[in-house]
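A.B. asks: Order-wise, the sequence lines are chains A and B.
Counting in our numbering, the first sequence runs from -18 upward without gaps.
Counting in our numbering, the second sequence runs from 6 upward without gaps.
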Amino acid sequence: MKKTRRKSIVFTNFLILFFFWMIFSGKFDAFHLTLGVLSCSLVAWMAADFLITAPSFATIAKQWIGFSKYIPWLLWQIVLANIHVLRLVLSRDMNSRINPQIIKFRSTIKSQMGLVTFANSITLTPGTITVAATTYGDMAIHAIDNESAAPLPGDMEKRIAKIFGE
Amino acid sequence: MIIWISALLIIIGFVFFLGGSLGMIRLPDFYSRLHAAGMLDTMGVFLSMAGLALYVVHDFTLGNFLSALKIILIVVFVFITSPTATHAIVDAGVRAGLKPWTKKN
Chain A
-18 MKKTRRKSIV FTNFLILFFF WMIFSGKFDA FHLTLGVLSC SLVAWMAADF
32 LITAPSFATI AKQWIGFSKY IPWLLWQIVL ANIHVLRLVL SRDMNSRINP
82 QIIKFRSTIK SQMGLVTFAN SITLTPGTIT VAATTYGDMA IHAIDNESAA
132 PLPGDMEKRI AKIFGE
Chain B
6 MIIWISALLI IIGFVFFLGG SLGMIRLPDF YSRLHAAGML DTMGVFLSMA
56 GLALYVVHDF TLGNFLSALK IILIVVFVFI TSPTATHAIV DAGVRAGLKP
106 WTKKN
């Protein structure tokens, strides 16, 4: 890692950590702010290799813009799926409506972070749980009924692939 | 007015909690019960925490605003950790050799 790049990463880490410090402490006097600056700069320096791993800041900005478009859509899908599972669970003929099954497919997403996002999004959506995911993109999904299994991989995969520029 | 909206959000959140708890009892096996458990900590937590955050900010001060931000951060962290934990539980089941329940048997 280049010296200048490492410096800017440490500085960005510091800004993120200090922002959270201010939210969590809620105290803005000199003593608490000094403590915050000291501990945040120590942690930012030690953890420089962990928090930001993308190759450039332009990539990070692009990913965050992509995420900010993806998260409202994901929340809406979670709401729809939650209502679906709630109605399923409360229905009187539940045993005839459910059809637990494991579906397998190979995802076209290549990047590790993209696969993690995809697997976590699937598990967050009620009705589908990621059972296994490999680094090559092989996924095994446990779905509770046919309706939950139908939309996979589909739209969600395309949207995540778009965030990570594939 | 805001108090009533937040009360409504919390009550709807509790409906999802109730549904998730009933689902954990009613569904047939280990894997499908986790679907109901997943519902608890997505919609249940999301709606009840949104209601609480709204209730806290209705009397707007800096301290209350920071409390509301902390409540929102709880939701963010639950949304990141809960699928990971669910996946770990499913993986433990698969490794132990538990077969999923299907319609045929």
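Cβ atoms here follow ideal geometry from the backbone N, Cα and C, with glycine treated the same way.
Under 8 Å: do the segment 61 to 81 of chain B and the segment -1 to 8 of chain A share three or more Cβ pairs, one atom per stretch?
C.D. replies: Segments in contact, yes.
A.B. asks: For M120/A, name the three-state secondary structure that DSSP assigns.
C.D. replies: M120/A: strand per DSSP, three-state reduction.
A.B. asks: Do the CB positions of F(-5)/A and A25/A come within less than 9 Å of each other?
C.D. replies: In this structure, A25/A lies closer than 9 Å to F(-5)/A by Cβ.
A.B. asks: Give the straight-line distance between the Cα atoms of T89/A and G146/A, rounded to the nearest whole angstrom.
C.D. replies: The alpha-carbon atoms of T89/A and G146/A are separated by roughly 12 Å.
A.B. asks: Mapping DSSP to helix, strand and coil, what is R73/A?
C.D. replies: Coil, per DSSP.
A.B. asks: Alpha carbon to alpha carbon, how far is R(-13)/A from S102/A? Give it in angstroms, no decimals.
C.D. replies: Each residue's alpha carbon lies about 31 Å from the other.
A.B. asks: Might you give, ordered along the chain, the residues of its own chain that have their beta carbon closer than 7 Å to the beta carbon of R78/A, omitting 5 neighbours on each side?
C.D. replies: Within the same chain, R78/A has close Cβ partners L69, S72, D126.
A.B. asks: Distance cutoff 9 Å, beta carbons only. Does I10/B sit that close to anything in chain A?
C.D. replies: Judged by the 9 Å Cβ criterion, I10/B is not in contact with chain A.
A.B. asks: Between S114/B and chain A, is the shortest Cβ-Cβ distance under 9 Å, so that the two count as touching?
C.D. replies: There is no way to answer for residue 114/B, as the model of chain B reaches only from 6 to 110.
A.B. asks: How big is the Cα-Cα spacing for K139/A and D10/A?
C.D. replies: When rounded, the distance between both Cα atoms is 48 Å.
A.B. asks: What is the residue span of the alpha helix (DSSP H) that F31/A lies within?
C.D. replies: Per DSSP, F31/A belongs to no alpha helix (DSSP H) and is neither H nor E.
A.B. asks: Here's the rule I'm using: 16 or more other beta-carbon atoms within 10 Å means buried, otherwise exposed. How should A39/A be labelled?
C.D. replies: Label assigned to A39/A: exposed.
A.B. asks: Leaving aside the five residues before and after P105/B along the sequence, list all residues of the same chain whose C-beta is less than 6 Å from its C-beta, in chain order.
C.D. replies: Excluding residues within five positions, the ones whose Cβ falls inside 6 Å are Y36.
A.B. asks: By the 10 Å Cβ neighbour count, where 16 or more other Cβ atoms means buried, how is H63/B classified, buried or exposed?
C.D. replies: When all chains shown are included, H63/B counts as exposed.
A.B. asks: Work out the CA separation of H65/A and F21/B for me, nearest whole Å.
C.D. replies: Cα-Cα distance, rounded: 11 Å.
A.B. asks: Using a Cβ cut-off of 9 Å, pull out every chain B residue sitting near V24/A, in sequence order please.
C.D. replies: By Cβ distance, chain B contributes nothing, its closest Cβ being about 18 Å from V24/A, past 9 Å.
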